[in-house]
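A.B. asks: Chains as they are written, first to last, in the numbering used here: chain A, 382 to 871; chain B, 691 to 1104.
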Ligand SMILES: Cc1cc2nc3c(=O)[nH]c(=O)nc-3n(C[C@H](O)[C@H](O)[C@H](O)COP(=O)(O)OP(=O)(O)OC[C@H]3O[C@@H](n4cnc5c(N)ncnc54)[C@H](O)[C@@H]3O)c2cc1C
Ligand SMILES: Cc1cc2nc3c(=O)[nH]c(=O)nc-3n(C[C@H](O)[C@H](O)[C@H](O)COP(=O)(O)OP(=O)(O)OC[C@H]3O[C@@H](n4cnc5c(N)ncnc54)[C@H](O)[C@@H]3O)c2cc1C
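(1) List, in chain order, every chain A residue whose beta-carbon is nearer than 9 Å to that of residue 773 (chain B).
(2) Please report whether the beta-carbon of residue 871 (chain A) lies at a distance below 8 Å from any beta-carbon of chain B.
(3) Check the C-beta distance from residue 836 (chain B) over to residue 842 (chain B) and give it rounded, since I have them as a contact under 8 Å.
(4) Please find out if some non-hydrogen atom of ligand 1 comes closer than 7 Å to the beta-carbon of residue 392 (chain A).
(5) From residue 829 (chain B) to residue 714 (chain B), what does the alpha carbon distance come to, in whole angstroms?
(6) Answer yes if the stretch 854 to 869 of chain B comes into contact with the stretch 889 to 904 of chain B, meaning at least three C-beta pairs across the two stretches below 8 Å, and no otherwise.
(7) I'd like to know if the stretch 773 to 784 of chain B and the stretch 797 to 808 of chain A are in contact, where contact means that at least 3 CB-CB pairs between them fall below 8 Å.
(8) In terms of residue numbering, what span does the beta strand (DSSP E) encompassing residue 778 (chain B) cover?
(9) Starting from residue 820 (chain A), find everything on chain B with Cβ-Cβ shorter than 8 Å and list it in chain order.
(10) Who pairs with residue 1080 (chain B) in a beta bridge, going by DSSP?
(11) Rounded to whole angstroms, what's the CA-CA distance from residue 871 (chain A) to residue 859 (chain A)? Just pull it up for me.
(12) Applying a beta-carbon distance threshold of less than 7 Å, which residues of chain B neighbour residue 863 (chain A)?
(13) Drop a sphere of 10 angstroms on the beta-carbon of residue 1044 (chain B), count the other beta-carbons inside from all chains shown, and report buried for 16 or more, exposed for fewer.
(14) Looking at the strands, I want to know which residues DSSP matches up with residue 1092 (chain B).
(15) Buried or exposed for residue 923 (chain B), please, with buried defined as at least 16 other CB atoms from any protein chain shown within 10 angstroms of its CB.
(16) Cβ closer than 9 Å: which chain A residues qualify as neighbours of residue 869 (chain B)?
(17) Name the chain B residues whose beta carbon is nearer than 7 Å to that of residue 825 (chain A)?
(18) Can you check whether the C-beta of residue 777 (chain A) is within less than 8 Å of a C-beta belonging to chain B?
(19) Pull up the distance between the alpha-carbon of residue 393 (chain A) and that of residue 399 (chain A), whole angstroms please.
(20) Do you know how far the Cα of residue 986 (chain B) is from the Cα of residue 807 (chain B)?
(21) Would you verify that the beta carbon of residue 609 (chain A) is, or is not, closer than 8 Å to some beta carbon of chain B?
(22) At a Cβ cut of 7 Å, what residues of the stretch 1008 to 1032 of chain B count as close to chain A, listed as they run along the chain?
(23) Taking the straight line between their C-alpha atoms, what separation do you get for residue 912 (chain B) and residue 416 (chain A)?
(24) Is there at least one Cβ from chain B nearer than 8 Å to residue 474 (chain A)'s Cβ?
(25) Short of 8 Å in beta carbon distance, which residues of its chain neighbour residue 711 (chain A), apart from the five on each side in sequence? Order them along the chain.
(26) Can you find a C-beta in chain B that's less than 8 Å from the C-beta of residue 859 (chain A)?
(27) Report the option in A:459, A:524, A:843 and A:855 whose CA atom is closest to the CA atom of residue 534 (chain A).
(28) Could you tell me which residues DSSP pairs with residue 861 (chain A) in its beta bridges?
(29) Who does residue 579 (chain A) pair with in a DSSP beta bridge?
(30) Between residue 851 (chain A) and chain B, is the shortest Cβ-Cβ distance under 8 Å, so that the two count as touching?
(31) Would you report the Cα separation of residue 403 (chain A) and residue 388 (chain A), rounded to the nearest angstrom?
(32) Identify which residue in A:493, A:657 and A:765 has its Cα closest to the Cα of residue 788 (chain B).
(33) Checking contacts by CB at 8 Å: is residue 989 (chain B) closer than that to chain A?
(34) Less than 8 Å between the C-beta atoms of residue 820 (chain B) and residue 661 (chain A), yes or no?
(35) Hey, quick one: how far does the beta strand (DSSP E) through residue 660 (chain A) stretch, first residue to last?
(36) What is the rounded straight-line gap between the Cα of residue 743 (chain B) and the Cα of residue 1061 (chain B)?
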């Protein structure tokens, strides 16, 4: 059995940032992920904001790692050719004097933390954002907030790690570990066993469960659900900043923002729940978000019109509300990176670099030499429909599949889907192709392209049509060929 | 860039009918663009009977209705691009398309006819809360999977919405061996045609629950159940009626929306009732020489009317005309939509089509002008909300410029 230098459990933004940073070294690295693709957990459903800790408590790890995150992350995103909206800025609106006072305090805190911030008058605010409710009396403004593409970034990090020879294993859920003396010697999944010198637990919501395979732990992850509305691109220019309102006890601040793809994202709630698998949306919460955030900030937005989807993400919050980053107490070679709630996206690179220092300290791996043939950049990537006619035609002449649109909302071609299926991290589930290419993320939500993509995956991989899944085992779409059905596909 | 007289986008019944009528003039250069591998549009997957009673005076299946037009398109040597998707249309009438054979290419047109059909409303458009799992299909997707790909999308099925496609799929799935547990409809009357209720549900003992809706989707990887509740007259959920139905599939037949995205940046004026563009009696939008016909203009229940309208659009696209003066037609009071919204003056007769908000036994339709004077009035019996209705308006009866259509309440209830 191959023995890796470092094995990472979980392919969210934290696991993938770790792989990306570790892959710079001349080491053998593996990542185990229980779902079918990267970015399946909190990394796919969040507010997508890159900020430097506008509301993190000073003195916490959360505050420590988010410092300078903007510079760190933008450097990485540039290298990997990941799109983002740099410094679009945050506007938090106040509807009364009391709220304005709170915002002034926020401004003072932000200034103290070295961030730019100021208070805007009502007129200044409405000039910047004419669609905001004219009932406001003023606003807090800070330019130091960007919007990123969380799963695009995660995929790019993972792909770069793969170019640099990291092994990714999907549909592999770690279910136990084996120890010998004061070391973990292997981890087990349902089907396989994996060995490494150092193990890192980046299992998000389940980071407490995974940590408890090793020893008795004194932390606990309590999921906190955030629900969202996503509006059609037609509404993407309704606002040009991140707009937020102050919380009211039931919720923290909620936001409306333009995503990097030009949709409008609005949310989110913050409700503690017990079931880590409960990613469902609820009518009550969606109503609350609409009433207290969306319609309050932007009265012209409808509760249903233009909404292309609603979804929920679970924050992996530790009960003491801070990150748990450090070596396990009773073994030498197991590191927990747990409770990475907001602003985990912003801080991912800083966290990864810190964890590498912890890895070095274990002295389980001796040599930390930079790879000779390290590949620093991912190949730049442009969607076919974004190319000019000559560029597109060059490609289509060589391969006609680049001329065949499959996802008609997001305009993705068959050639791009086939590329994704065979890419360095193969996208062979519907969710994987969705995250990689946005197929099915548009206004028809896959109504048209689902069946076509199922067929392309079948043709390219030989996976039986009825075995093609949305994501994990059990999420199959088709039951069996129909009575009159064409069985020649098999 | 190649120049065309008329470019028609979408090769369903609307697009084919307009192409056929536009090539009456032999010299005109016409192009019909279809993104699928064949012409026919949505008809190709409607293998049931019920097409053509008005147009051909006989009952045909969807594909055979389409075939009659496909033959004519061939016969007339109309230039057709299949497997070709139009990805952009500009104000200057530059049409950009993409295809495996031709690559990415732009052409110009003197007139453009949009005939892209419609798409189905999704779970998301209704914002049904719950889990996001496999096993939720629009009825049309399920129909495609079954009829074109030959695969069963589920075993135990609940259908939300009693539109015709959902009803037809209830029967199809039952015949294929699935258990269709129930059809739920939020309105207090069915959305589909009466004959489909009888032939697709009642004949197979599939229960239809009116004033009911799905309020939550439950499941881990695939749908495991749905929560259903009755609604009151204001469509508010009655808490005490909540009930869980186990199933592995939820089919949505909750309406269609015109496929308008391609021209959304052209600033064509839209109608919030039809969700399509405002059109005149020649199917022309508010931009001259840009037409919309078939389901992209408004959702039709009969393909025959689509074909009639396609023909009108094709003929008008060929004509040269000066500036046009209009009467406008709006609606209120019990009328949910009216078509066309603008009437070109000096045309003698107009066909006005409309839908009503519920079923009426005895009522009166009234068209008034801006001064409140009655321009047209008709007493009507048994007016159904499931179908579109029409009447012919003579121009010499019209006074004023701004017309408004309304419907009285049920007269025998007063
Ligand atoms: C509602 C919400 C809003 C947020 N907004 C922001 C924001 O605006 N800005 C910001 O910076 N941050 C934000 N965050 C935080 C950010 O999204 C998270 O901090 C970050 O995504 C956490 O990444 P992760 O890799 O730790 O977890 P995840 O992305 O959850 O990844 C963990 C992975 O581990 C896998 N896994 C679990 N158990 C096992 C096992 N036993 N074996 C193998 N694999 C396993 C999971 O399948 C998953 O893929 C938000 C989070 C939420 C939920
Ligand atoms: C399931 C179902 C059952 C029905 N049952 C009946 C019935 O029993 N009797 C009856 O009379 N009517 C019935 N109808 C109604 C009738 O079929 C439709 O009204 C009619 O087909 C609409 O024609 P269309 O040309 O507007 O649209 P479509 O038939 O949808 O054609 C639109 C075409 O445009 C193409 N297209 C779209 N965008 C582009 C683009 N960007 N570039 C290139 N091509 C594009 C599409 O591929 C499609 O081929 C039914 C409809 C459905 C959906």
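By construction, the Cβ of each residue, glycine as well, lies at the ideal position given by its N, Cα and C atoms. As the structure is a computational prediction, the values presented were derived from the model and not from experiment.
C.D. replies: Checking against the coordinates, here is how it stands:
(1) Neighbours of residue 773 (chain B) in chain A, taken as residues at a C-beta separation under 9 Å, are given in chain order as 784 and 785.
(2) Note on residue 871 (chain A): pLDDT 30, under 50, position unreliable in the model; the coordinate value appears next. The Cβ of residue 871 (chain A) sits no closer than 8 Å to any Cβ of chain B.
(3) At roughly 7 Å, the Cβ-Cβ gap stays under 8 Å, so residue 836 (chain B) and residue 842 (chain B) are in contact.
(4) Indeed, a heavy atom of ligand 1 lies less than 7 Å from the Cβ.
(5) Their Cα atoms are separated by approximately 38 Å.
(6) The stretch 889 to 904 of chain B vs the stretch 854 to 869 of chain B: in contact.
(7) In short, these stretches do not touch, since the Cβ pair count stays below three.
(8) Segment 775 to 779, the beta strand (DSSP E) holding residue 778 (chain B).
(9) Chain B residues near residue 820 (chain A): none, gap ~14 Å exceeds 8 Å.
(10) Residue pairing of residue 1080 (chain B) in beta bridges, as defined by DSSP: B:1043.
(11) Low confidence applies here, because residue 871 (chain A) scores a pLDDT of 30, under 50, leaving its location unreliable; read the following figure in that light. Each residue's alpha carbon lies about 14 Å from the other.
(12) Within chain B, the residues whose beta carbon sits less than 7 Å from that of residue 863 (chain A) are 836, 840, 841, 842 and 866, listed in sequence order.
(13) The residue in question, residue 1044 (chain B), is buried, as its Cβ has 16 or more Cβ neighbours within 10 Å.
(14) The bridge partners DSSP lists for residue 1092 (chain B) are B:1018.
(15) The residue in question, residue 923 (chain B), is exposed, as its Cβ has fewer than 16 Cβ neighbours within 10 Å.
(16) Neighbours of residue 869 (chain B) in chain A, taken as residues at a C-beta separation under 9 Å, are lacking, since the least C-beta distance is about 12 Å.
(17) Those within 7 Å of residue 825 (chain A) in chain B are 809 and 812.
(18) By the rule that beta-carbons nearer than 8 Å mark a contact, residue 777 (chain A) touches chain B.
(19) Taking the Cα positions, residue 393 (chain A) is about 10 Å away from residue 399 (chain A).
(20) If you take the alpha carbons of residue 807 (chain B) and residue 986 (chain B), they lie about 5 Å apart.
(21) It does not; no Cβ of chain B falls within 8 Å.
(22) Listed in sequence order: no entries.
(23) A direct Cα-Cα distance of roughly 15 Å separates residue 912 (chain B) from residue 416 (chain A).
(24) Residue-level contact check: residue 474 (chain A) does not touch chain B, since none of the beta carbons of chain B fall below 8 Å from its beta carbon.
(25) Taking residue 711 (chain A) as the centre and dropping the five residues before and after it, the same chain places the C-beta of 563, 595 and 596 closer than 8 Å to its C-beta, in chain order.
(26) Output row for residue 859 (chain A): interface = yes.
(27) Residue A:459 is the option with its Cα nearest to residue 534 (chain A).
(28) Paired residue(s): B:842.
(29) Its beta-bridge partners are A:387.
(30) Cβ-Cβ to chain B under 8 Å: yes for residue 851 (chain A).
(31) So the two alpha carbons sit approximately 10 Å from each other.
(32) Nearest of A:493, A:657 and A:765 to residue 788 (chain B), Cα basis: A:765.
(33) For residue 989 (chain B), the answer is no, since every Cβ of chain A falls outside 8 Å of its Cβ.
(34) Result yes, Cβ atoms of residue 820 (chain B) and residue 661 (chain A) sit closer than 8 Å.
(35) First-last for residue 660 (chain A): undefined, no H or E at that position.
(36) The alpha-carbon atoms of residue 743 (chain B) and residue 1061 (chain B) are separated by roughly 40 Å.
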